[in-house]
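Just below is one structure, and these are the notes that go with it.
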DNA sequence: CAGGGTGCTACGGAATTCGTAGCAACTCGC
DNA sequence: GCGAGTTGCTACGAATTCCGTAGCACCCTG
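Chains as they are written, first to last, in the UniProt record's numbering: chain A, 1 to 109; chain B, 1 to 109.
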């Protein structure tokens with residue numbers, strides 16, 4: 001199974017290690033963006049996260065969570081479950097304009 | 001092969017048809033974000049786009065381009081090649097903060 | 001002990017993606 | 001007309017990724 005993309009190292013589709021390429025590799029994997037999105041309201045347990053993501057397989061969820069933890073975007077808090085780190089919240093904030101845009105996209109497209 | 005995600009219809013991983021879910025499905029497919037990114041500087045031909053994306057297979061490139069055209073984000077201009085539509089440029093603009101963020105992410109993560 | 005929660009793994013099959021080869025159409029120079 | 005070059009795009013078998021179900025080990029409460 002493909003390893004977690006890391007800045008400075010080659011990723012799927014690019015050998016430069018440029019941060020944007022690493023990010024595109026990470027976010028281009030199925031469920032990754034969705035998981036970050038579902039954590040927007042606060043921590044969720046592994047199983048709650050599964051349900052929020054329409055019951056994706058635990059295999060993939062665990063793989064994605066490993067990648068997101070390796071990337072410093074998500075952390076496992078024993079008391080509350082999985083949550084966005086400050087870095088992950090920054091990513092979510094940068095992503096919010098896309099959410100607002102998608103509403104207009106739906107009306108026009 | 002999975003059909004292009006459309007707002008208002010069920011997509012992979014969500015039956016609600018909410019625009020954000022449709023967008024997450026679309027962007028969560030491999031190479032989709034990369035293709036939009038590589039078109040940031042202007043139109044590219046099919047083959048130039050392949051090279052820009054580190055030689056991804058023409059099968060997948062064509063599939064992604066169909067999806068992006070169905071979504072109204074990319075158009076084929078016979079004279080110049082594939083280019084972002086105004087809608088696609090809006091998406092790219094909303095995505096730019098993530099690029100800037102990825103630079104800091106690389107330093108911290 | 002029973003019953004419920006937690007994170008997580010195994011495994012076989014389905015879906016997606018890849019890599020290579022090549023087609024049909026068009027344009028250019030000759 | 002005839003190549004040589006471009007264009008967008010397809011076929012097809014193999015590799016990779018993802019899915020669905022079942023279930024393990026652990027902890028806590030009753």
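Backbone N, C-alpha and C fix where the C-beta goes; we use that ideal spot for every residue, glycine too.
Cβ separation of residue i and residue j, assumed to be a contact under 8 Å, to the nearest whole Å
i, j, result
"residue 26/B", "residue 34/A", "Their Cβ separation, rounded to whole angstroms, is 12 Å, which puts residue 26/B and residue 34/A out of contact at 8 Å."
"residue 110/A", "residue 49/A", "Nothing can be reported for residue 110/A, as the shown portion of chain A is limited to 1 through 109."
"residue 53/B", "residue 13/A", "7 Å"
"residue 64/B", "residue 32/B", "6 Å"
"residue 88/B", "residue 98/B", "Going by Cβ atoms, the distance from residue 88/B to residue 98/B rounds to 16 Å, so no, they are not a contact pair."
"residue 11/B", "residue 21/B", "6 Å"
"residue 7/A", "residue 79/B", "So it is not a contact: roughly 38 Å between Cβ atoms."
"residue 40/B", "residue 92/B", "6 Å"
Beta-bridge partners of residue i, as assigned by DSSP
i, result
"residue 44/A", "82/A"
"residue 14/A", "11/A"
C-beta neighbour in chain B for residue i, strict 8 Å
i, result
"residue 63/A", "no"
"residue 90/A", "yes"
Residue i - DSSP class collapsed to helix/strand/coil
i, result
"residue 52/B", "helix"
"residue 2/B", "coil"
"residue 76/A", "strand"
"residue 34/A", "helix"
"residue 29/A", "coil"
"residue 57/A", "coil"
"residue 92/B", "helix"
"residue 98/A", "helix"
"residue 110/B", "Outside the displayed range of chain B (1 to 109) lies residue 110/B, so it cannot be described from this structure."
"residue 39/B", "coil"
CB contact check: residue i to chain A, cutoff 8 Å
i, result
"residue 48/B", "no"
"residue 60/B", "no"
"residue 103/B", "yes"
"residue 14/B", "yes"
"residue 97/B", "yes"
"residue 106/B", "yes"
"residue 3/B", "no"
"residue 7/B", "yes"
"residue 44/B", "no"
"residue 56/B", "yes"
Residue i beta carbon near the ligand FAD (any heavy atom closer than 7 Å)
i, result
"residue 72/A", "Looking for the ligand FAD in the displayed structure turns up nothing, as the structure carries no ligands at all."
Item to check | Within 9 Å of chain A by C-beta, residues of the stretch 19 to 41 of chain B in sequence order | outcome: 19, 20, 21, 22, 23, 24, 25, 27, 28, 29, 30, 31, 32, 33, 34 and 37
Checklist entry - For the stretch 70 to 89 of chain A, which residues have a beta carbon sitting closer than 7 Å to at least one beta carbon of chain B? => result 71, 72 and 87
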